[in-house]
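These notes are about the structure you will find just below.
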Amino acid sequence: MKMKRTCISILLLWFACGAAAAWAGDLDPFRDESGAIKISGGTAHIPVMKAAADLIMQLNPKIQISIAGGGSGVGIKQVGEGLVDIGNSGRKPTDEEIQKYGLVLHQWAIDGVAVVVHPQNPVKALTSEQLKAIYAGTMTNWKALGGPDKAINIYTRDEASGTREVFWEKALAKGEISPKALFVASNGAMKTAVAQDPNAIGYVSVGHIDDSVAAVALDGVAPTLENVKDGKYKIARGLFSNTKGAPQGLTKKFIDFIFSSQGRALIVEQGFIPVK
Amino acid sequence: MRSERCMQSALAAAAWISAAAAVLIFLFMAVLGWPLLGNGDLMQVLCGPWSPMHHQYGIRPMILGTLCIASLALALAVPVSLGCAVFIQVTAPKGLGRALHHLVRLMTGIPTVVYGFVGIFLLVPLVRNLSGHGAGLSILSAGLMLSLLIAPTMILFFVQGLAAVPQSHRQAACALGATPVQQLIYVLLPQARRTLLAGVVLGLGRAMGDTLIALMLAGNSVATPQSILDPTRTLTAHIALIIAADFESPEFRTLFICALILYLMTTLAVAVMRRLAAKPVEIP
Numbered sequence: 002m003k004m005k006r007t008c009i010s011i012l013l014l015w016f017a018c019g020a021a022a023a024w025a026g027d028l029d030p031f032r033d034e035s036g037a038i039k040i041s042g043g044t045a046h047i048p049v050m051k052a053a054a055d056l057i058m059q060l061n062p063k064i065q066i067s068i069a070g071g072g073s074g075v076g077i078k079q080v081g082e083g084l085v086d087i088g089n090s091g092r093k094p095t096d097e098e099i100q101k102y103g104l105v106l107h108q109w110a111i112d113g114v115a116v117v118v119h120p121q122n123p124v125k126a127l128t129s130e131q132l133k134a135i136y137a138g139t140m141t142n143w144k145a146l147g148g149p150d151k152a153i154n155i156y157t158r159d160e161a162s163g164t165r166e167v168f169w170e171k172a173l174a175k176g177e178i179s180p181k182a183l184f185v186a187s188n189g190a191m192k193t194a195v196a197q198d199p200n201a202i203g204y205v206s207v208g209h210i211d212d213s214v215a216a217v218a219l220d221g222v223a224p225t226l227e228n229v230k231d232g233k234y235k236i237a238r239g240l241f242s243n244t245k246g247a248p249q250g251l252t253k254k255f256i257d258f259i260f261s262s263q264g265r266a267l268i269v270e271q272g273f274i275p276v277k
Numbered sequence: 003m004r005s006e007r008c009m010q011s012a013l014a015a016a017a018w019i020s021a022a023a024a025v026l027i028f029l030f031m032a033v034l035g036w037p038l039l040g041n042g043d044l045m046q047v048l049c050g051p052w053s054p055m056h057h058q059y060g061i062r063p064m065i066l067g068t069l070c071i072a073s074l075a076l077a078l079a080v081p082v083s084l085g086c087a088v089f090i091q092v093t094a095p096k097g098l099g100r101a102l103h104h105l106v107r108l109m110t111g112i113p114t115v116v117y118g119f120v121g122i123f124l125l126v127p128l129v130r131n132l133s134g135h136g137a138g139l140s141i142l143s144a145g146l147m148l149s150l151l152i153a154p155t156m157i158l159f160f161v162q163g164l165a166a167v168p169q170s171h172r173q174a175a176c177a178l179g180a181t182p183v184q185q186l187i188y189v190l191l192p193q194a195r196r197t198l199l200a201g202v203v204l205g206l207g208r209a210m211g212d213t214l215i216a217l218m219l220a221g222n223s224v225a226t227p228q229s230i231l232d233p234t235r236t237l238t239a240h241i242a243l244i245i246a247a248d249f250e251s252p253e254f255r256t257l258f259i260c261a262l263i264l265y266l267m268t269t270l271a272v273a274v275m276r277r278l279a280a281k282p283v284e285i286p
């Protein structure tokens, strides 16, 4: 963790000290622009979207970029209905959705979904079977897993969550989720909830993990960036930004920026793995 | 004369439009929820559990959740608000009463999300540690915070109601030798009853309709709650959590039933309160 933080600070320093000059070209297309971009959907995407938007709006205050959450389902729906310019999703939109709305997908990162617990929880590794039993509500005490004699508080995400969908499909093999599970509405809220509750178990996008929560190794594989990248950690998904039809104008420039070298640096900085 | 008539018709139009909007919203929900209502699945939706994985889309846990949280909030807020209003209007020294009144007015303007935040970081850990049960996200947490949310509105109503009782009535009671407490119980409260009940109705409506507090503090689990320390999901939070589901999905269609139930529950509560307020006052 400390290592990660040092890396980030070095990266930031480097960024501040003139690397920006070398990259300035990536932001150039925004210089003479004005207008607004509306973004909504996946909550895992928000840190990258925000970082990109901050850079762009700092360079050119005439551009307004608004970023809302809501979850992958919301993103796909809203962009499909033309309510926003970019609808983010943490899962690949279904063929049906792509066809119905005429979506064009832009996958810019790979992200793992990690099981997290409170940092004080001694349980730092689980098998798939144990995880399924916990989420199904058949294993209800941390004691059986080598933890304290406390009831397990299960946290999950709402219907719109792409994180939930990926976790449910790949980690739980579409298994049961106990009706007693507590629901939170974003990756950020999940992190806060687990960080506050010593008996919690939940799942977040790997990019959201920091010191406030502890990641759990699954079947002996830790959800680190390297393991996600190598494909060793299986619970992974693409992060998509979807547009209705091919992106135009400012929206196209924004998406091109995410794929530029500066955009990719932002993606790395936020703890995701850029693609292409 | 003509301008007066113009004004009158404009006001009437405004009244009609807002009344029509309420009715139209109701019809809109009924029409959109019709596929479920007409299917005979209604009982299953109303009484069954929520488990989309097993194709069960019952909203009974949410109806119960709404009732539990709203009634807890009301039960906590009404006595406190009444006491506070009596203090401000009747027993407090003038300056202090006025200062408190200002404070309460200020409190009505605090956005819900602030209460939610304070709840997550202060109340939820407290409830978790004190009860030693569950995650702290519970009916109790949400009810407590919600009572704090609705209390200021109710206090303002109560103060207004008490202030509207003619001074001469109190003086008459005083002249008969009634103590301040007797004046309050036999004169002020019965006389102010209508406004007091209106305040309670408003508080109840707000408690049932609030989304954010329940969404942030009640835990939103779909199991039927067994105790006040269990998490639960309200109808409003349910709507907020499901709204992003596919339009065509059965989950989404049940939303209209949720909205309809919420609408009917609020209407019913208002009707009952009106009824209570309309009864003639008996002077003991």
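Heads up: the sequence lines are chains A and B, in that order. Per the numbering used here, the first sequence runs over residues 2 to 277. Per the numbering used here, the second sequence runs over residues 3 to 286. All C-beta atoms, glycine included, are put in the ideal place defined by N, C-alpha and C. Values in this document were obtained by computation on a predicted structure and should not be read as measured data.
Around GLY221 of chain B, the beta-carbon contacts reaching into chain A at under 8 Å are LEU183, PHE184.
Contact check between the stretch 231-247 of chain B and the stretch 255-265 of chain B: three or more CB pairs, one atom from each, fall below 8 Å, which counts as touching. Interface residue (Cβ-Cβ distance to chain B less than 8 Å): PRO275 of chain A is not classified as such.
Around the CB of PHE184 of chain A, 16 or more other CB atoms lie within 10 Å, so the residue is classed as buried. Against GLU177 of chain A, the close residues of chain B are MET55, in the order they occur along the chain (beta-carbon pairs closer than 8 Å).
The beta carbons of ASP96 of chain A and SER206 of chain A sit no closer together than 8 Å. The secondary-structure analysis by DSSP pairs GLY36 of chain A across a beta bridge with A:ILE64. By the Cβ test, the stretch 39-49 of chain A is in contact with the stretch 80-90 of chain A, since at least three Cβ pairs between them sit closer than 8 Å. In this structure, the alpha-carbon of GLY111 of chain B lies about 26 Å from that of ILE68 of chain A. No Cβ-Cβ contact shorter than 8 Å links GLY103 of chain A with VAL124 of chain A.
One Cα belongs to LYS175 of chain A, the other to ILE47 of chain A, and the distance between them is close to 26 Å. When the beta-carbon positions are compared, PRO275 of chain A and VAL105 of chain A stay at least 8 Å from each other. Under DSSP, the beta-bridge partners assigned to SER242 of chain A are A:ASN89, A:HIS107. In this structure, GLY221 of chain B places its C-beta atom within 8 Å of the C-beta atom of ALA137 of chain B.
Note on geometry: alpha-carbon atoms of ARG165 of chain A and VAL167 of chain B lie some 57 Å from one another.
Between LEU278 of chain B and CYS260 of chain B, the gap from beta carbon to beta carbon reaches 8 Å or more.
Here the alpha carbons of GLY71 of chain A and TRP169 of chain A stand approximately 19 Å from one another. About 5 Å separates the CB atoms of ILE157 of chain B and VAL106 of chain B; that is less than 8 Å, so the two are in contact. If you draw a straight line from the Cα of ILE64 of chain A to the Cα of THR252 of chain A, it comes to about 11 Å. Within its own chain, the residues whose Cβ lies closer than 6 Å to the Cβ of SER162 of chain A, once the five positions on either side in sequence are excluded, are GLY72, listed in chain order. For the pair of segments examined, the stretch 121-134 of chain B was found not to touch the stretch 83-102 of chain B: the number of CB pairs separated by less than 8 Å stays below three. Taking a beta-carbon distance threshold of 8 Å, ASP159 of chain A counts as an interface residue toward chain B. Straight-line spacing of the CA atoms in VAL224 of chain B and LYS151 of chain A works out to 22 Å. For GLY221 of chain A, the closest of A:TYR234, A:GLN121, A:LEU267 by C-alpha to C-alpha distance is A:TYR234.
In chain order, GLU160 make up the part of chain A whose C-beta sits under 7 Å from the C-beta of ILE244 of chain B. Closer than 8 Å to the CB of GLU6 of chain B there is not a single CB belonging to chain A.
For ARG255 of chain B, the closest Cβ of chain A is not nearer than 8 Å.
Against chain A, a Cβ distance below 8 Å from GLY136 of chain B picks out ALA152, ASN154.
Under DSSP, the beta-bridge partners assigned to PRO275 of chain A are A:ALA110. In the three-state scheme derived from DSSP, where H, G and I count as helix and E and B as strand, ILE77 of chain A is classed as helix. In this structure the stretch 27-41 of chain A touches the stretch 75-85 of chain A; the number of beta carbon pairs closer than 8 Å is three or more. By the rule that beta-carbons nearer than 8 Å mark a contact, ASP220 of chain A does not touch chain B. By the CB criterion at 8 Å, LEU199 of chain B and MET275 of chain B fall inside the cutoff. Going by DSSP, GLY203 of chain A is part of the beta strand (DSSP E) stretching over 201-206. The CB of VAL126 of chain B comes closer than 8 Å to the CB of GLN197 in chain A, given here in chain order.
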